[in-house]
Structure formats: structure tokens, C-alpha cells
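Take a look at the structure below.
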Amino acid sequence: MLVTQMVKVFLVPFRNQLYHLSLWRNGPAPTNSEEFFNLNHSAACNVIERCFGLLKLRWAVLRSPSFFPIKSQNRIVTPCCLVHNLIRREMPVDPIEDQLEDTLPHPEIEGDLIDIIDTSNQWTKWRNNLAQQMYADWLANRGY
1 MLVTQMVKVF LVPFRNQLYH LSLWRNGPAP TNSEEFFNLN HSAACNVIER CFGLLKLRWA
61 VLRSPSFFPI KSQNRIVTPC CLVHNLIRRE MPVDPIEDQL EDTLPHPEIE GDLIDIIDTS
121 NQWTKWRNNL AQQMYADWLA NRGY
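When the letters of the sequence shown are read in order and numbered with UniProt numbering, they come out as residues 1 to 144.
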């Protein structure tokens with residue numbers, strides 16, 4: 001099954017706006033809702049990539065492509081996540097995290113990639129409203 005067949009909605013960053021976190025380090029603060037949304041989108045992507053990296057380091061079964069049916073994959077991934085969360089809760093220092101920085105600095109992505117996303121007016125409007133609300137909240141918290 002192609003990835004594009006499984007994706008019904010994909011929350012994309014704004015075009016023609018700063019996106020990567022490295023562009024924000026020691027630089028100016030976001031000046032509009034679109035830049036602020038992209039900054040948070042990029043940060044969320046980094047957190048998600050780190051989580052997948054930790055799961056792959058901890059569970060060998062998640063390191064390579066799976067040829068199990070999707071229902072079986074759910075029965076594998078869900079317990080891995082649950083036990084991982086239990087370990088994180090009960091173990092203040094996790095040695096796996098130290099390995100993450102050295103082992104998976106820039107993971108290669110294999111397989112089908114999402115290269116075309118059909119936008120809809122409904123989701124574009126929802127993203128715009130979300131971005132404006134996030135930016136307004138951020139400004140209010142900063143005292144603007």
C-alpha cells in the first residue's frame with residue numbers, strides 16, 4: 001500500500017516562510033503567525049523523529065521494514081510503545097538516550113515518500129486559524 005493512499009490529511013508548514021529550527025537559533029523571534037507555526041511544526045517534527053529513533057534503538061523489530069499485515073504491525077508497535085513509556089516513567093536515566101545522538105544523527109528515509117499533498121480549503125483554513133491563535137497566545141504570554 002502506498003503511503004499516499006493512507007494519508008487523508010497532512011498538516012503542512014507554510015510555504016515561503018522560515019522553517020528549520022537551525023534558522024531560529026540565536027536569531028530573531030518569529031514576526032508573524034506563519035513563521036511561528038513553522039517554528040513549532042519543525043520542533044514537533046524533531047520530537048517525533050527523536051521518539052522513533054529511541055523506539056528503534058530499544059526494539060530491533062522496529063529497525064527494518066515490516067512485511068507483516070498492518071493489523072499485526074499494530075500488535076507489535078503498540079506494546080513496544082507501552083513498554084517504552086513504562087521504562088521512561090520508572091527509569092530516571094535511560095542509557096538508550098545517550099546512544100541516540102551517536103547512532104541516529106540523520107536517519108535515511110527509505111520507501112515511499114509523500115511528495116504530493118492535495119490541499120483542501122477546510123484544512124488550509126483550520127491551519128491558518130490554528131497558526132493565528134498560537135501566535136496570539138505566544139504574544140500574550142510575552143506581554144505584547
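Cβ coordinates follow ideal geometry from the N, Cα and C atoms, glycine included.
On the criterion of 16 or more Cβ atoms from any shown chain inside 10 Å, does Gly-27 qualify as buried, or is it exposed? exposed
Buried or exposed, going by whether 16 or more other CB atoms sit within 10 Å of the CB of Glu-35? buried
Can you tell me which of Phe-68, Lys-125, Thr-31 and Ala-43 puts its alpha carbon nearest to the alpha carbon of Tyr-144? Thr-31
Determine the direct distance from the alpha carbon of Asp-94 to that of Arg-15, and round the result to whole angstroms. 38 Å
In the structure shown, what three-state DSSP assignment does Tyr-19 receive? coil
What did DSSP end up calling Asn-85 once you bin it into helix, strand or coil? helix
So what does DSSP say about Tyr-135, is it helix, strand or coil? helix
In this structure, does DSSP put Phe-36 in helix, strand or coil? helix
Given 8 Å as the limit, is there contact between the region 72 to 86 and the region 119 to 134, that is, 3 or more CB pairs closer than that? no
For Leu-18 and Asn-38, believed in contact at Cβ under 8 Å, the rounded distance: 6 Å
How would you label Ala-44, buried or exposed, when you count the other beta carbons within 10 angstroms and need 16 or more for buried? exposed
Tell me whether Ser-72 sits in a helix, a strand or coil according to DSSP, three-state version. helix
Can you look up Ala-44 in the DSSP assignment and give me helix, strand or coil? helix
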